[in-house]
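Numbering (the working numbering), first residue to last: 13 to 291.
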């Protein structure tokens with residue numbers, strides 16, 4: 013009865029959808045922050061990473077049920093801090109270009125993705141341009157022998173290939189639904205999904221009851237596997253002139269990794285925000 017009432021009330025609210033104008037251009041700042049902490053040999057260790065992108069978004073086409081958005085990466089700034097570690101990256105100044113941890117982010121600067129977005133849901137139906145990003149990342153680590161793939165080939169495809177971008181932006185651009193929806197877990201998870209519920213323009217994310225998502229990092233010669241628990245997430249969206257004006261979210265979880273030694277647990281906090289900025 014309560015669910016029926018909520019569905020009836022939802023039907024009275026104006027449905028959000030993406031409704032951009034052809035050639036409409038918006039500039040954004042996209043910031044992601046992550047904090048990881050765990051205990052080792054009696055010490056509590058913590059690392060923090062902040063990555064900020066300046067993005068340009070142009071509406072390339074609008075159709076009845078979808079819109080094609082050209083997403084350009086203009087500038088990246090990053091900061092990584094931990095015990096005896098500090099990495100600073102800024103593509104506008106050339107800082108950190110050769111850093112082995114974050115330097116590959118330079119490969120995205122100047123690149124453009126074309127996202128075909130379902131207007132009613134925010135789901136990304138198709139991504140074009142990811143292959144150029146994957147190739148640029150691989151060029152940063154060429155093969156040792158002619159004709160062989162880059163040692164970064166598999167990682168580059170997993171992190172920056174079309175499927176990864178489709179999954180990421182489908183979640184960032186997701187619009188409210190009257191019923192709960194599922195967020196599929198990608199590899200290396202062995203299946204399963206998280207559950208997202210909406211209240212107005214705010215969402216919450218949780219693990220379904222009785223389901224502890226598990227993953228496998230390696231199976232041979234030493235099995236390395238793990239699980240996540242204590243997961244909670246929340247966020248909200250706002251649109252203006254048919255496109256996002258502010259999208260933000262926060263996620264916290266405990267990650268347990270099991271190998272030959274005693275399981276190691278770490279706590280993760282991730283926050284992100286996409287907001288309009290003046291060019």
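We put the CB at the ideal spot given by N, CA and C, even for glycine. Quick caveat: nothing in here was measured; it's all calculated off a predicted structure.
Tell me where the alpha helix (DSSP H) around residue 258 begins and ends.
Within the chain shown, the letter at position 246 stands for residue 258. From DSSP, residue 258 is part of no alpha helix (DSSP H) but of the beta strand (DSSP E) over 255-270.
From 69, 88, 86, residue whose alpha carbon lies closest to that of residue 80
Taking the first residue of the chain shown as 1, we reach residue 80 at position 68. Comparing Cα positions, the closest option is 69.
Could you tell me which of 232, 211, 279 sits nearest to residue 242, measuring between CA atoms?
For the purposes of this step, residue 242 is taken as the residue at position 230 of the chain shown. Of the listed residues, the one whose Cα sits closest to residue 242 is 279.
On the DSSP bridge assignment, give the partners of residue 63 in chain order.
By one-based count along the chain shown, residue 63 stands at place 51. DSSP, once it has assigned bridges, lists 44, 90 as partnering residue 63.
Please work out which residues of its chain come closer than 8 Å, Cβ to Cβ, to residue 213, disregarding the five sequence neighbours upstream and downstream, and give them in chain order.
In the chain shown, counting from the first residue as 1, residue 213 sits at position 201. 28, 188, 248, 249, 250.
Between the alpha carbons of residue 64 and residue 290, how many angstroms are there, rounded?
In the chain shown, residue 64 corresponds to position 52, counting from 1. In the chain shown, residue 290 corresponds to position 278, counting from 1. The straight-line gap from Cα to Cα measures roughly 15 Å.
Taking 8 Å as the cut-off, does the region 195-204 touch the region 219-229 (at least 3 CB pairs, one atom from each stretch)?
yes
When 67, 85, 61 are compared against residue 98, the one with the closest alpha-carbon
For this step, residue 98 is matched to residue 86 along the chain shown. Here the closest residue by C-alpha is 61.
Look at the Cβ atom of residue 94, then the Cβ atom of residue 101, and state whether they are nearer than 7 Å.
Residue mapping note: residue 94 aligns to position 82 of the chain shown, counting from 1. Residue mapping note: residue 101 aligns to position 89 of the chain shown, counting from 1. No, these two residues do not count as a Cβ contact at 7 Å.
Since I believe residue 134 is in contact with residue 186 (beta carbons under 8 Å), could you give me their beta-carbon distance rounded to a whole number of angstroms?
Start at 1 with the first residue of the chain shown, and residue 186 comes out as number 174. Start at 1 with the first residue of the chain shown, and residue 134 comes out as number 122. Contact holds; Cβ gap of about 5 Å.
If contacts are defined as beta-carbon pairs under 8 Å, then residue 163 and residue 153 qualify, I think. What distance do you get, rounded to the angstrom?
Sequence index remark: in the chain shown, residue 163 carries index 151 (1-based). Sequence index remark: in the chain shown, residue 153 carries index 141 (1-based). That belief holds up - the Cβ atoms of residue 163 and residue 153 are roughly 5 Å apart, short of 8 Å.
Residue 285 by DSSP, collapsed to three states: which one?
Looking up residue 285 in the chain shown gives position 273. Looking at residue 285 - three-state DSSP - the assignment turns out to be strand.
Under three-state DSSP, which class holds residue 159?
For the purposes of this step, residue 159 is taken as the residue at position 147 of the chain shown. In the structure shown, residue 159 sits in coil (DSSP, three-state: anything other than H, G, I, E or B).
Rounded to a whole number of angstroms, what is the C-alpha to C-alpha distance between residue 85 and residue 168?
Working through the chain shown from its first residue, we reach residue 85 at position 73. Working through the chain shown from its first residue, we reach residue 168 at position 156. For residue 85 and residue 168, the distance between alpha carbons rounds to 17 Å.
Comparing alpha-carbon positions, which option in 124, 258, 192 lies nearest residue 82?
The sequence position of residue 82 within the chain shown is 70, counting from 1. Cα-wise, what sits closest to residue 82 is 124.
When you compare only the Cα positions, how much space is there between residue 130 and residue 281?
As a first step, residue 130 is located in the chain shown; it is residue number 118 there, counting from the start. As a first step, residue 281 is located in the chain shown; it is residue number 269 there, counting from the start. Roughly 30 Å between the two C-alpha positions.
Between which residues of its own chain and residue 220 is the CB-CB distance below 6 Å, once the five residues before and five after are set aside?
The sequence position of residue 220 within the chain shown is 208, counting from 1. 207.
Endpoints, alpha helix (DSSP H) assigned at residue 180
Indexing the chain shown from 1 puts residue 180 at position 168. Its alpha helix (DSSP H) spans residues 174-184.
Report the option in 252, 270, 265, 244 whose CA atom is closest to the CA atom of residue 235.
Here residue 235 refers to the residue found at position 223 of the chain shown. Minimum Cα distance to residue 235 is reached at 270.
Could you check if residue 192 is buried or exposed, using at least 16 other CB atoms within 10 Å of its CB as the buried criterion?
For this step, residue 192 is matched to residue 180 along the chain shown. It counts as exposed.
Short of 7 Å in beta carbon distance, which residues of its chain neighbour residue 230, apart from the five on each side in sequence? Order them along the chain.
Numbered from 1 along the chain shown, position 218 holds the residue referred to as residue 230. Excluding positions up to five away in sequence, the list reads 236.
Counting C-beta neighbours from all protein chains within 10 Å, is the total for residue 66 16 or more, i.e. buried, or is it exposed?
The residue given as residue 66 occupies position 54 in the chain shown. By the 10 Å Cβ count, residue 66 comes out buried.
Which residues share a DSSP beta bridge with residue 211?
Counting from one through the chain shown, the residue named residue 211 turns up at place 199. Partner(s): 214.
Rounded to whole angstroms, how far is the Cβ of residue 178 from the Cβ of residue 149, which I believe are closer than 8 Å?
If you number the chain shown from 1, residue 178 lands on position 166. If you number the chain shown from 1, residue 149 lands on position 137. Not a contact, Cβ separation roughly 17 Å.
Distance check for residue 261 and residue 285, CA to CA, integer angstroms please.
As a working mapping, residue 285 is identified with position 273 in the chain shown. As a working mapping, residue 261 is identified with position 249 in the chain shown. Their Cα atoms are separated by approximately 7 Å.
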